[in-house]
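Residues 286 to 401 (my numbering) make up the sequence shown, in order. C-beta atoms are modelled at their ideal positions from N, C-alpha and C, and glycine is treated no differently. Just so you know, these numbers come straight off a predicted model, no measurement behind them. Single-structure report; data block below.
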Amino acid sequence: MTSKGITTIIPDGVAEAISASHILHPQLHFTSPNEILAADMPAQEKRAILASWASDLYAVESVPELRQPPSVPAPVRYADILAALKALDGGCAEAGRVGKGFRRSRPWMTSRIPAA
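The structure is reproduced here in structure tokens:
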């Protein structure tokens, strides 16, 4: 019985092609912005995927605040995509918490009018 050696050398360009697949077809790999944030890949690739999901190309016609990339089982909230992008920059800690417990500041409502 002859044993053949199996090479584990990755041909040039294959790793880049696999990585590019996440960017070119992110819907085939992820179903939510949180999955993208948790993925083991560089922040720039995560940002590119999230930006493509935020595109108006995937907007749900009757509900523009939702995005529905092909092959993603359920629509994704635009606000969750933006929160994930902010999380990459050290902003919001949890993508799913946008609009659920965070108060938006309104500086024009905090100014006091002196009593006459």
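| Asked | Found |
| --- | --- |
| Given a cut-off of 8 Å on the beta-carbon distance, is the pair Leu367 and Pro360 in contact? | no |
| Report the start-end ranges of each alpha helix (DSSP H) in the stretch 329 to 357 that is 4 residues or longer and not cut off at the edges. | none |
| Is it right to say Ala369 is buried, meaning 16 or more other beta carbons lie within 10 angstroms of its own, or is it exposed? | buried |
| Starting from Ala364, trace the alpha helix (DSSP H) both ways and give me its first and last residue. | Tyr363 to Leu373 |
| Which residue marks the beginning of the alpha helix (DSSP H) containing Ala359, and which one marks its end? | Neither: Ala359 is in no alpha helix (DSSP H) and is coded neither H nor E. |
| Under 8 Å between the Cβ atoms of Leu335 and Ile321? | yes |
| Quick one, are the C-beta atoms of Ala339 and Tyr363 less than 8 Å apart? | yes |
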